[in-house]
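Encoded as structure tokens, the structure appears first; notes follow it.
Number of protein chains: 2
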Amino acid sequence: MKKQVSTSVIKRLPRYYRYLGELLNCGVERISSKELSEKMGITASQIRQDLNCFGGFGQQGYGYNVEYLYGEIAGILGLNSRYKAILVGAGKMGQALVQNTTFEKRGFTLVGIFDTDPEKIGEEIKGIKISDAKNIKEFIEKEKPTMAVISTPRTVVSQVVRELTDMGIKAFLNFSYAEISPDDDVVVENIHLSDSLMRLCYKISAKGEKKSDNEE
Amino acid sequence: MKKQVSTSVIKRLPRYYRYLGELLNCGVERISSKELSEKMGITASQIRQDLNCFGGFGQQGYGYNVEYLYGEIAGILGLNSRYKAILVGAGKMGQALVQNTTFEKRGFTLVGIFDTDPEKIGEEIKGIKISDAKNIKEFIEKEKPTMAVISTPRTVVSQVVRELTDMGIKAFLNFSYAEISPDDDVVVENIHLSDSLMRLCYKISAKGEKKSDNEE
DNA sequence: TAGATTGTTAATCGATTAACAATC
DNA sequence: TAGATTGTTAATCGATTAACAATC
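Chains as they are written, first to last, in the working numbering: chain A, 137 to 352; chain B, 137 to 352.
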């Protein structure tokens, strides 16, 4: 069994993927870890270490073939998968998310949207009708989606997640303010908009302080 | 001058803030680092170390007063500030963002929204009219906003950021797929939805592999 | 006072960086 | 072949955890 890849490495993978996609778009054929490191603002050592967690994709004296490496990283990330996903909570945020994000390019297919609001039920988003949340169990049993995007009010998040876990959902993209405490065999990615705003606020405030420190 | 607080610590601050807010809501008056660590799934040591970057907020034998600590962290994060913010790019995502996120609670006030689409200009979001992006310079000179939420198509991001930086914007919340390479005195927080989806995809895929490894 | 729990120093662990032999 | 650059091992750095004296 391969040794576990650290989360630090995994966090960087999508970034590599984005940079390589950009290079590919620009028609760049090959790139050395040194060149890429300068573009990305990290060390060449780190790039080589990171990639070598998954295999040797480069060639001594040449560097890395951009198209090949791009494809390999897509494979590592599993982007060629078609994991079925549902959206739970069709508020403005949830709707915008499924409309804007290219689920298909990131390994997922949106197969269902659920809400409890009678006003919303029946509306169509991206060619998918918003269904009554009452029917979610039946739907999951039939379609067997892997992932659920959680975009409900925070007060119901923990209950919703518990129920969906019981119904067999294995992965959550958490868009709510609330924290998810997942079961052991369930994976979670959090997008806490509030946290990002707070961190940005901190950075601005801290910068201001530093400035006045210097002035003294 | 205080020593620089590490980014690892800063990343955790909003999470502490959320947990303390929750405790406050539940009427909990005091909490020890041990109790909190069990709730959050981290070590008590880490909590004490983190907090002591900013000062001693606890009391031996007692623990931490929830309300007091909550307030102190708000202060550290700068959440009582009223940094002026503008939204650049009023697509579905941008609109949802400013509608759902409580800017006010996170240290910001939304003062302007800009887009280039004539269809959108004049529409009102959260009581703020969408303005023509042509007028953005004039607006910034007058209102002097600190932060800009970037929610434009990725192709124009780098140019938009460069221009806004020249006009005096000091902080960016980047909601686009593109990477921002900020000037030295500019701060950035990225929310890359695609990256989150890719990481989730990786986690699902990797979990599957591990399972089959075990079965062999 | 005795018990509890902090603040803080020291020890450990893991991640990043540097160095270099292997090799294209 | 000579030059370039990888893959990989070793050294460094920083972050996390453990331990404990201080003290409420």
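In this text, a Cβ means the ideal position worked out from N, Cα and C, and glycines have one as well.
Once you ignore the five residues that flank residue i on each side, which residues in its own chain have a CB closer than 6 Å to its CB?
i: Arg184 (chain B); result: Ser169
i: Thr179 (chain B); result: Ser173
i: Ala314 (chain B); result: Arg290, Val293
i: Ser267 (chain B); result: Phe250
i: Glu351 (chain A); result: Here the model assigns Glu351 (chain A) a pLDDT of 42, short of 50, so the residue's position is not dependable, and the following value carries that caveat. Nothing listed; no residue qualifies.
i: Leu187 (chain A); result: Phe193
i: Asn326 (chain A); result: Asn310
Is the beta carbon of residue i less than 9 Å from the beta carbon of residue j?
i: Lys220 (chain B); j: Phe193 (chain B); result: no
i: Arg335 (chain A); j: Ser330 (chain B); result: no
i: Gly230 (chain A); j: Phe311 (chain A); result: yes
i: Val145 (chain B); j: Ile167 (chain B); result: no
i: Val259 (chain B); j: Lys265 (chain B); result: Looking at the sequence provided, one finds Glu at residue 259 (chain B) rather than Val. In contact: Glu259 (chain B) and Lys265 (chain B) (Cβ atoms closer than 9 Å).
i: Glu158 (chain A); j: Gly199 (chain A); result: no
i: Val224 (chain A); j: Ala307 (chain A); result: no
i: Arg298 (chain B); j: His328 (chain A); result: no
i: Leu300 (chain B); j: Ile272 (chain B); result: yes
i: Tyr152 (chain A); j: Ile222 (chain A); result: no
i: Leu333 (chain A); j: Phe239 (chain B); result: yes
i: Leu309 (chain A); j: Val324 (chain A); result: yes
i: Ile261 (chain B); j: Val234 (chain B); result: yes
i: Gly304 (chain B); j: Lys280 (chain B); result: yes
i: Gly177 (chain A); j: Ser317 (chain B); result: yes
What does a CB cutoff of less than 7 Å around residue i pick up in its chain, not counting 5 residues either side in sequence?
i: Ala269 (chain A); result: Phe250, Asp251, Thr252
i: Gly227 (chain B); result: Ser287
i: Ser341 (chain A); result: none
i: Gly156 (chain B); result: In the sequence under discussion, the amino acid at residue 156 (chain B) is Leu, which differs from the Gly named in the question. Answer for Leu156 (chain B): Val202, Leu205, Tyr206, Ile209, listed in chain order.
i: Met137 (chain B); result: In this prediction, Met137 (chain B) scores a pLDDT of 41, lower than 50, which makes its location untrustworthy; no coordinate-derived value is stated.
Take residue i as the anchor and find which of the options has the nearest alpha-carbon.
i: Pro150 (chain A); options: A:Lys343, A:Leu233, A:Gly214; result: A:Gly214
i: Tyr338 (chain B); options: A:Arg218, A:Asn188, A:Glu171; result: A:Arg218
i: Thr143 (chain A); options: A:Cys189, A:Gly207, A:Ile261, A:Gly163; result: A:Cys189
i: Tyr204 (chain B); options: B:Pro281, B:Glu165, B:Gly197, B:Asp321; result: B:Glu165
i: Gly344 (chain A); options: B:Pro254, B:Asn236, B:Ile212; result: B:Ile212
i: Gly191 (chain B); options: B:Val141, B:Asn216, B:Gly177, B:Asp319; result: B:Val141
Just to confirm my understanding: we take residue i, look at its own chain, exclude 5 residues before and 5 after, and list those with CB closer than 8 Å. What are they?
i: Asp321 (chain B); result: Lys306
i: Lys147 (chain B); result: none
- prompt: What residues in the stretch 237-261 of chain B bring their beta carbon closer than 9 Å to a beta carbon of chain A?
  reply: Residues of the stretch 237-261 of chain B whose Cβ lies closer than 9 Å to any Cβ of chain A, in chain order: Thr237, Thr238, Phe239, Lys241, Arg242, Gly243, Phe244.
message: Using a Cβ-Cβ cutoff of 9 Å, what residues of the stretch 309-320 of chain A are near chain B? List them in chain order.
response: Of all residues in the stretch 309-320 of chain A, Leu309, Tyr313, Ala314, Glu315, Ser317 have a Cβ within less than 9 Å of some Cβ in chain B.
task: Quick one: which unbroken beta strand (DSSP E) runs of 3-plus residues sit fully inside the stretch 177-251 of chain A? Chain order, please.
output: Positions of the beta strand (DSSP E) runs, each at least 3 residues long and wholly inside the stretch 177-251 of chain A, are given as 199-201, 219-224, 244-251 in order along the chain.
field: Under 9 Å (Cβ pairs) to chain B, residues found in the stretch 325-336 of chain A
entry: Cβ contacts with chain B: Glu325, Asn326, Ile327, His328, Leu329, Ser330, Asp331, Ser332, Leu333, Met334, Arg335, Leu336.
- request: Scan the stretch 145-157 of chain A for residues whose Cβ lies nearer than 9 Å to a Cβ of chain B and list them as they occur along the chain.
  value: For chain B, the residues of the stretch 145-157 of chain A that bring a beta carbon within less than 9 Å of one of its beta carbons are Ile146, Lys147, Leu149, Pro150, Arg151, Tyr153, Arg154, Tyr155, in chain order.
- prompt: Which whole runs of the alpha helix (DSSP H) in the stretch 268-341 of chain B are 4 residues long or more, in chain order?
  reply: You should have 272-279, 293-303.
- prompt: If contact means a Cβ-Cβ distance below 8 Å, which residues of the stretch 211-235 of chain A contact chain B?
  reply: From the stretch 211-235 of chain A, only Ile212, Leu213, Gly214, Leu215, Ser217, Tyr219, Gly227, Lys228, Met229, Gln231, Ala232, Leu233, Gln235 have a Cβ closer than 8 Å to chain B.
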